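Notes follow once the structure below has been shown.
Protein chains: 2
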Amino acid sequence: MQIIGEKINGTRKRVGQAILDRDVNYIQNLARRQAEAGSTWLDVNAGTQPSREPDDLVWLIDTVQAVTETPLSLDSANPAALAAAIKAVNKTPLINSISGESKRLTEVLPLVAEHGCPVIALAMDDRGIPEDSATRVEVIHKVLAATRAAGIPDTRVYVDALAMTISTNTQSALIFCDTIRTIHAAYPEVHFTVGLSNISFGLPARSYINRAFLTLALAAGLDCAILDPLDQELRAALLAAELVLGRDNYCLKYVRAYRAGMFDKAAN
Amino acid sequence: MQIIGEKINGTRKRVGQAILDRDVNYIQNLARRQAEAGSTWLDVNAGTQPSREPDDLVWLIDTVQAVTETPLSLDSANPAALAAAIKAVNKTPLINSISGESKRLTEVLPLVAEHGCPVIALAMDDRGIPEDSATRVEVIHKVLAATRAAGIPDTRVYVDALAMTISTNTQSALIFCDTIRTIHAAYPEVHFTVGLSNISFGLPARSYINRAFLTLALAAGLDCAILDPLDQELRAALLAAELVLGRDNYCLKYVRAYRAGMFDKAAN
Numbered sequence: 000m001q002i003i004g005e006k007i008n009g010t011r012k013r014v015g016q017a018i019l020d021r022d023v024n025y026i027q028n029l030a031r032r033q034a035e036a037g038s039t040w041l042d043v044n045a046g047t048q049p050s051r052e053p054d055d056l057v058w059l060i061d062t063v064q065a066v067t068e069t070p071l072s073l074d075s076a077n078p079a080a081l082a083a084a085i086k087a088v089n090k091t092p093l094i095n096s097i098s099g100e101s102k103r104l105t106e107v108l109p110l111v112a113e114h115g116c117p118v119i120a121l122a123m124d125d126r127g128i129p130e131d132s133a134t135r136v137e138v139i140h141k142v143l144a145a146t147r148a149a150g151i152p153d154t155r156v157y158v159d160a161l162a163m164t165i166s167t168n169t170q171s172a173l174i175f176c177d178t179i180r181t182i183h184a185a186y187p188e189v190h191f192t193v194g195l196s197n198i199s200f201g202l203p204a205r206s207y208i209n210r211a212f213l214t215l216a217l218a219a220g221l222d223c224a225i226l227d228p229l230d231q232e233l234r235a236a237l238l239a240a241e242l243v244l245g246r247d248n249y250c251l252k253y254v255r256a257y258r259a260g261m262f263d264k265a266a267n
Numbered sequence: 000m001q002i003i004g005e006k007i008n009g010t011r012k013r014v015g016q017a018i019l020d021r022d023v024n025y026i027q028n029l030a031r032r033q034a035e036a037g038s039t040w041l042d043v044n045a046g047t048q049p050s051r052e053p054d055d056l057v058w059l060i061d062t063v064q065a066v067t068e069t070p071l072s073l074d075s076a077n078p079a080a081l082a083a084a085i086k087a088v089n090k091t092p093l094i095n096s097i098s099g100e101s102k103r104l105t106e107v108l109p110l111v112a113e114h115g116c117p118v119i120a121l122a123m124d125d126r127g128i129p130e131d132s133a134t135r136v137e138v139i140h141k142v143l144a145a146t147r148a149a150g151i152p153d154t155r156v157y158v159d160a161l162a163m164t165i166s167t168n169t170q171s172a173l174i175f176c177d178t179i180r181t182i183h184a185a186y187p188e189v190h191f192t193v194g195l196s197n198i199s200f201g202l203p204a205r206s207y208i209n210r211a212f213l214t215l216a217l218a219a220g221l222d223c224a225i226l227d228p229l230d231q232e233l234r235a236a237l238l239a240a241e242l243v244l245g246r247d248n249y250c251l252k253y254v255r256a257y258r259a260g261m262f263d264k265a266a267n
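Residue numbers (numbering that gives the first Met the number 0), protein chains in the order written: chain F, 0 to 267; chain G, 0 to 267.
Written out as structure tokens, the structure reads:
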């Protein structure tokens, strides 16, 4: 399971303020803690106006790279910001994201191909996010045809089938899982990621929903997620889910995490 | 989801002592709290020597029935104890359990049929508990042939595909889920139950494992479980699992449980 640490996101009020204030300590603290918690990548999203986004994103990258070697996930829909960001990184970054939207395919996909980056591919296009699984599958087929045509191997593509909140459609998690099952069968080398907490948007006691969804999505083929790596209960639930899914040989990871105090909050 | 409250079980030391001491308050407290927590049935297991088990089980039944109208699950492999118990109950009980073992089929199944009881059917026979899913399925076919021959409708049978601990076989949860998926496809009216906590026997931080397993098993078709209804985290996880599985219209059950304080321990 690969984890993209979600916390350095300028659309969150406190982080947005830290970016405007050039608050190095605040950002570096988030970077360090997420890296120590085992993130595979750290997402960096400046979340600012397009005109200043390239500068803000490069500042974020420089700030984060000063304290951690964990590679970055460059989170922007702005080709100019991505182009500037790719020049600033020390290690090959994950690009977050492309989709079936023509603007992303023409302006972002070439950057991904040129720099040999792994990339998140969203199940949406110019018509928006399809309600049903069949149309999402169709959109993903189109995006994967484009990544293949650009010479990007399937092993570098992280399909995000898009978890919409359960509060507006109780079938959301099932639609998500059906979509990745279908795509997994057709493209066995593609990875699957998700912005985990979207599933519970607008609902109370969100963490329980996120954990249950993570378990179902892992069973369906998820092998990566954008989430809060500092949420100890979520990481414990992830370890337990991998254990019951038969992916933890001799229960070693689980027992080691227990000995390291990961479950200290848990009732036994 | 139907819940069989597991706590009145004489094989647990404190409960066994209460049975020997005829400690009415201790047993009635367990009965009341489990009933209030929403148990569909209360399991009663005397857990004593065969010679005294009929008396002990009838005492348990009388004691429990004095404080709750929740029907009972008569948990015994002893035909004499079950026969005495069936005469003592106020409401039709669940019988826990039959299996493919010849002794249970010849001595317990007739009681089940005669009294029109729902019954738990274990995926084991005289050879023991099969390791693999295919052999468990074969055993369950045999048991269901016997229940049908005895005139018991499938709607009254609760198949327990037997969760063995992950600590000795990391594939246990997957074997369980595969088995109930296969049986569900062949017998759409049969119910599925499980002794939930067996999955985590011998491991630390068991509650996380139980919750992850419950989520997977619900997705596979589980609609009943023997568990601790007083475990608030487990019940919260159950509500969340039903929500993400699209079984909570308008999220009503989840939001109501939140308003009733069910998630007070949860991080949001």
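Cβ atoms here follow ideal geometry from the backbone N, Cα and C, with glycine treated the same way. Remember, predicted model here, so these are calculated numbers, not experimental data.
Would residue i count as contacting chain F if we go by Cβ distances under 9 Å?
i: LEU110/G; result: no
i: MET261/G; result: yes
i: TYR186/G; result: no
i: VAL193/G; result: no
i: ASP159/G; result: no
i: ILE165/G; result: yes
i: CYS250/G; result: yes
i: ILE198/G; result: yes
i: ALA34/G; result: no
i: ALA236/G; result: yes
i: ALA239/G; result: yes
i: LEU59/G; result: no
Mind reading off the beta-carbon distance from residue i to residue j? Whole number of angstroms is fine, and I expect it under 8 Å.
i: PHE200/G; j: SER166/G; result: 7 Å
i: LEU242/G; j: CYS250/G; result: 6 Å
i: TYR253/G; j: ALA239/F; result: With a Cβ gap of about 21 Å, TYR253/G and ALA239/F do not count as contacting.
i: ARG124/F; j: LYS102/F; result: Here residue 124/F is Asp; the residue named in the question, Arg, does not match the sequence. Actually they are not in contact, since the Cβ atoms of ASP124/F and LYS102/F sit about 11 Å apart, beyond 8 Å.
i: VAL63/G; j: ALA30/G; result: 4 Å
i: GLY150/G; j: ALA112/G; result: 6 Å
DSSP on residue i, reduced to helix/strand/coil?
i: ASP124/G; result: strand
i: GLY15/G; result: helix
i: LEU71/G; result: strand
i: ALA265/F; result: Its pLDDT being 49, under 50, ALA265/F is placed unreliably by the model, and nothing is read from it.
i: GLN170/F; result: coil
i: LEU151/F; result: The residue asked about is misnamed: residue 151/F is Ile in this sequence, not Leu. The answer is coil: DSSP assigns ILE151/F none of H, G, I, E or B.
i: VAL66/F; result: coil
i: ASN95/G; result: strand
i: ASP159/F; result: strand
i: CYS116/G; result: coil
i: ILE2/F; result: strand
i: ASP230/F; result: coil
i: LEU202/G; result: coil
i: ASN89/F; result: coil
i: ASP42/G; result: strand
i: THR178/F; result: helix
i: ILE7/F; result: coil
i: ILE165/G; result: coil
Determine the closest residue to residue i out of the options, with distance taken between C-alpha atoms.
i: HIS190/G; options: ASP22/G, GLN33/G, ARG205/G and VAL118/G; result: VAL118/G
i: SER98/G; options: THR39/G, ALA65/G, LEU217/G and LEU161/G; result: LEU161/G
i: ARG135/F; options: ARG180/F, GLY150/F, GLU241/F and ASN89/F; result: ARG180/F
i: ILE85/F; options: ILE182/F, GLN27/F, PRO109/F and ILE225/F; result: PRO109/F
i: THR288/F; options: THR67/F, ALA148/F and LYS12/F; result: Residue 288/F lies beyond the range of chain F shown here (0 to 267); nothing can be said about it.
i: ASN8/G; options: PHE262/G, ILE225/G and GLN231/G; result: ILE225/G
i: VAL88/G; options: ASP230/G, ILE174/G, ASP42/G and ALA259/G; result: ASP42/G
i: ILE94/F; options: SER50/F, VAL158/F, HIS140/F and ARG51/F; result: VAL158/F
i: GLY268/F; options: PHE262/F, ARG255/F, ARG234/F and ARG246/F; result: The structure shown has nothing for residue 268/F, since chain F only spans 0 to 267.
i: SER72/G; options: ALA65/G, LEU81/G and VAL66/G; result: LEU81/G
i: PRO49/G; options: ARG210/G, GLN33/G, TRP58/G and SER75/G; result: SER75/G
Would residue i count as contacting chain G if we go by Cβ distances under 9 Å?
i: GLY37/F; result: no
i: ILE26/F; result: no
i: LEU322/F; result: Shown here, chain F extends from 0 to 267; a query on residue 322/F therefore has no answer.
i: VAL254/F; result: yes
i: LEU29/F; result: no
i: LEU173/F; result: yes
i: LEU242/F; result: yes
i: ASN267/F; result: Caution applies to ASN267/F, whose pLDDT of 42 falls short of 50 and renders its modelled position unreliable; the model cannot decide the point.
Note down, in chain order, every chain C residue with its Cβ under 9 Å from the Cβ of residue i.
i: GLN170/F; result: Looking at the structure shown, chain C is missing, and the protein chains on hand are F and G.
Chain F contacts from the region 209 to 226 of chain G (Cβ-Cβ distance under 8 Å)
So the close ones are ARG210, ALA211, PHE212, THR214, LEU215 and ALA218.
If the cut-off is 9 Å on Cβ atoms, which residues from the region 128 to 151 of chain G count as contacting chain F, listed in chain order?
So nothing in the stretch comes that close.
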